[in-house]
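Numbers 49 to 224, taken from the numbering used here, label the letters of the sequence shown in order.
For reference, the structure discussed in these notes is given below.
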Amino acid sequence: MGMLALLWAVLAGGGCRSGESTASIPAVSGLEPARYMGQWHEIARLPHSFERGLQRVRAEYRLREDGRIDVHNRGMRGTEPREVRGIAFLKDEQPPYRGELRVSFFRPFYGDYRIIALAPDYRWSVVTSGTRDYLWILSRTPTLPEEELSALLKRCREWGFDVDRLEFPEPAEPES
Numbered sequence: 049m050g051m052l053a054l055l056w057a058v059l060a061g062g063g064c065r066s067g068e069s070t071a072s073i074p075a076v077s078g079l080e081p082a083r084y085m086g087q088w089h090e091i092a093r094l095p096h097s098f099e100r101g102l103q104r105v106r107a108e109y110r111l112r113e114d115g116r117i118d119v120h121n122r123g124m125r126g127t128e129p130r131e132v133r134g135i136a137f138l139k140d141e142q143p144p145y146r147g148e149l150r151v152s153f154f155r156p157f158y159g160d161y162r163i164i165a166l167a168p169d170y171r172w173s174v175v176t177s178g179t180r181d182y183l184w185i186l187s188r189t190p191t192l193p194e195e196e197l198s199a200l201l202k203r204c205r206e207w208g209f210d211v212d213r214l215e216f217p218e219p220a221e222p223e224s
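Here it is in structure tokens:
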């Protein structure tokens with residue numbers, strides 16, 4: 049699990065920042081943290097060694113009483129479960145919140161987690177880090193309707209992400 053945790057730290061943006069900055073892409077505004085909490089399924093991602101071979105990837109976010117957020121990422125590599133836990137906090141100290149967080153899987157090192165698109169009903173989300181090397185399309189369900197996914201991919205391409213390189217992991221089974 050050590051390597052997975054190290055690599056998921058990069059997922060949160062804590063790694064090398066060699067790519068083009070995402071600073072020109074505004075994070076969503078008016079984020080309601082309590083609505084963002086819960087389980088998210090990974091629909092698509094730009095490839096990175098820390099997620100190589102991972103399937104059925106999910107993230108779980110839980111708001112803590114102190115305002116911070118517990119993060120639990122998990123997936124499967126073959127028949128072996130992989131997971132890592134971290135902590136996050138909103139960059140804004142009070143509402144209205146932007147979709148900008150700092151996430152750590154190895155304190156004291158934190159990375160950017162930027163929500164750049166979010167469905168009004170919080171059904172799907174597009175997340176990046178500080179560079180265009182990182183991109184995830186997340187959903188509350190294991191799959192997204194093709195027309196919604198196509199629209200999100202078009203938007204990501206317009207923002208300058210290399211969507212031709214996206215990976216689409218095998219979806220997780222819905223939990224009952």
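Each residue gets a CB set at the ideal place from its N, CA and C atoms; glycine is no exception.
In this structure, the beta-carbon distance from residue 120 to residue 133 falls below 8 angstroms.
Around the beta carbon of residue 181, 16 or more other beta carbons lie within 10 angstroms, which makes this residue buried. The segment 68-80 makes no contact with the segment 96-110: fewer than 3 CB pairs, one atom from each, lie closer than 8 angstroms.
Here the segment 174-191 lies against the segment 147-164, with 3 or more beta-carbon pairs under 8 angstroms apart. Under DSSP, residue 107 shares a beta bridge with 88 and 121. In this structure, residue 203 sits away from residue 188, with a CB-CB distance that is not shorter than 8 angstroms.
Contact check for residue 109 against residue 85 passes: the beta carbons are separated by less than 8 angstroms. Shown here for residue 67: same chain residues with a beta carbon closer than 7 angstroms to its own, the five before and five after excluded, namely 179, 180 and 181 in chain order. Spanning the alpha carbons of residue 107 and residue 195 requires a straight line of approximately 24 angstroms.
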